[in-house]
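**Student:** Under full-length UniProt numbering, the letters of the sequence shown match residues 1 to 327, in that order. Note that the Cβ used here is the ideal one computed from N, Cα and C, for glycine as well. If you scroll down you'll find the structure; I have some questions about it.
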Amino acid sequence: MLALTATCHSLASEAGFQPLGQGSLQRLETEAGEITRLHSLVVAEDGEIVLERTYAGPGSDQPANIKSLSKTVLAALVGAAIEQGVVEGVDQPIVELLGPMVPGGTDPRVDEITVGHLLSLQAGLERTSGSNYGAWVASANWVEDVLTRPFVDQPGGRMLYSTGSSHLLSAALAQAGDDSTLALARRWLGEPLDITIPDWPRDPQGIHFGGNDMQLSPQALIQVGELYRLDGVMDGTRVLPEGWVDASWTPRGTSPWTNDGYGYGWFVTHLGGERAYYGRGYGGQALYVIPDRKLTIAITADPMPPSPGGSFQHRLNRLVDTLVSDG
């Protein structure tokens, strides 16, 4: 378990590494406090929490709905499933894992969709997000609805942000792992990371929602980020396959809204002149990892008022950009 301290620690003894100064952290705390929607902000540097502040809502140790940031956590779970041997790898066709859950009469191109295509949101199927979201979650069978949608691109083509793609991964994990996605998440992530993973909503068939509505505390999110910063190893235990982090942080598509690259559950950008990776969810839920600065940052916010959309995510990015630049 990472040390959870609230004060800036000394890393000066590590050659070539310049830790964040108290002034930088204080400016970040002040600027974050001016964002009225913000709930919690947690900053970890080299594995220790150096800033932990709750502005509103539940505390940083309490579960919060992380919305589509769940896609980043689900991607970690897929990596853990590969490490456990339940999933062969990213090139495995999803139909092999779904088995009897695949409806008859699907487009033959469904057979070409791989685990990797779903992780990078490149399934090629019509999106279930945006204007299609309401009808999808109101359908009687979410998996069938996704797999019978028309193709708008080839598998492996452009990035099509679709929570339905992530939900197929949840269904595949439950089918191949012979247990619920919740139970697998608790076993393969919760235990080695020493975090609590509460139950979250399921579809009409009882499959846990893949890619949305997970409940994790900001402190737990920090642990997920640290797992990636530490190349998939936590306290000497390999949780994610060797090479998984590099593969996850390799852009395979481009977000049409931010122009940031997208890998396996992570957006790829530069903040403060450093390579940065982040996951995000509706209304201001975010997790950042900046490896060269040994930083992991978790943010939660109020998702209930009308979302200001991408502009709010840009504001969070600027917050982190300023911290890294100042530091």
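(1) Which of helix, strand or coil does DSSP assign to I197?
(2) Assign residue 351 to one of two classes, buried (16 or more other C-beta atoms within 10 Å of its C-beta) or exposed (fewer than that).
(3) Give the DSSP-derived three-state secondary structure of L147 in the structure shown.
(4) Would DSSP call I82 helix, strand or coil?
(5) Which parts of the stretch 44-83 are runs of the beta strand (DSSP E), unbroken and 3 residues or longer, counting only runs that do not cross its ends?
(6) Below 8 Å between beta carbons: does that hold for G130 and D91?
(7) Compute the beta-carbon to beta-carbon distance between V78 and L119, rounded to the nearest angstrom, for a pair I have assumed lies under 8 Å.
(8) Give the secondary structure of L230 by DSSP, where H, G and I count as helix, E and B as strand, and everything else as coil.
(9) Just mark L319 as buried or exposed, buried being the case when its beta carbon has 16 or more other beta carbons within 10 Å.
(10) So what's V320 in DSSP terms, helix, strand or just coil?
(11) Within its chain, find whatever has a CB closer than 8 Å to the CB of Y133; leave out the 5 residues flanking it on each side and keep chain order.
(12) Excluding the five sequence neighbours on either side, which residues of its own chain have a C-beta within less than 7 Å of the C-beta of D321, listed in chain order?
(13) Decide if A15 is buried, meaning its Cβ has at least 16 other Cβ atoms within 10 Å, or exposed.
(14) Between which residues of its own chain and S60 is the CB-CB distance below 7 Å, once the five residues before and five after are set aside?
(15) Just the C-alpha distance for K71 and L25, rounded to the nearest angstrom, thanks.
(16) Tell me whether W257 is buried or exposed, calling it buried when 16 or more other Cβ atoms sit within 10 Å of its Cβ.
(17) When we look at the beta-carbon of S10 and count the other beta-carbons within 10 Å, is it buried (16 or more) or exposed?
(18) Closest by CA to A301, which one among L20, P58, G211?
(19) Work out the CA separation of Q22 and L168 for me, nearest whole Å.
(20) Going by DSSP, what residues sit across from Q215 in a beta bridge?
(21) Pick out the complete beta strand (DSSP E) segments inside the stretch 119-195, 3 residues or longer, and give them in chain order.
(22) Give me the Cα-Cα distance between T237 and D231, rounded to the nearest whole angstrom.
(23) Cutting at 6 Å between CB atoms, please list the residues of its own chain near Q223, excluding the five before and the five after it.
(24) Comparing C-alpha positions only, which one of T30, V143, T148 sits nearest to F209?
(25) Would V50 and L97 qualify as a contact pair, given that the criterion is a beta-carbon distance under 8 Å?
(26) Answer with buried or exposed for T7, where buried requires no fewer than 16 other C-beta atoms within 10 angstroms of its C-beta.
(27) Which same chain residues, not among the five before or five after G99, have their C-beta less than 7 Å away from its C-beta?
(28) Measure the C-alpha to C-alpha separation of residue 366 and Q84 and round it to an integer number of angstroms.
(29) Within a Cβ cutoff of 8 Å, which residues of the same chain sit near S170, ignoring the five residues on either side of it in sequence?
(30) Can you give the Cα-Cα distance for Y282 and D179, rounded to whole angstroms?
(31) I'd like the list of long-range same chain contacts for D145, defined as Cβ closer than 6 Å, with 5 residues on each side in sequence excluded.
(32) Hey, is the stretch 104-115 in contact with the stretch 147-161, meaning 3+ C-beta pairs nearer than 8 Å?
(33) According to DSSP, is R275 helix, strand or coil?
(34) Is DSSP giving S255 helix, strand or coil here?
(35) Considering Q22, what are the terminal residues of the alpha helix (DSSP H) in which it resides?
**Tutor:** Considering the structure as presented:
(1) coil
(2) Shown here, the chain extends from 1 to 327; a query on residue 351 therefore has no answer.
(3) helix
(4) helix
(5) 48-54
(6) no
(7) 6 Å
(8) coil
(9) buried
(10) helix
(11) T163
(12) L271, G272
(13) Here the model assigns A15 a pLDDT of 46, short of 50, so the residue's position is not dependable, and the following value carries that caveat. Burial call: exposed.
(14) S40, V42, E52, T54, S217, P218, Q219
(15) 29 Å
(16) exposed
(17) Interpretation of S10 is limited by its pLDDT of 35, a score under 50 that renders its predicted location unreliable; no figure is taken from the coordinates.
(18) P58
(19) 45 Å
(20) N65
(21) none
(22) 11 Å
(23) L193, I195
(24) V143
(25) no
(26) Low per-residue confidence applies at T7: pLDDT is 34, beneath 50, and the placement is therefore not dependable enough to give any value.
(27) Q175
(28) In the structure as shown, the chain starts at 1 and stops at 327, and residue 366 therefore has no counterpart that could be examined.
(29) L74, T181, I207, H208, F209, G210, G211
(30) 28 Å
(31) W136, S139
(32) yes
(33) strand
(34) coil
(35) 22-33
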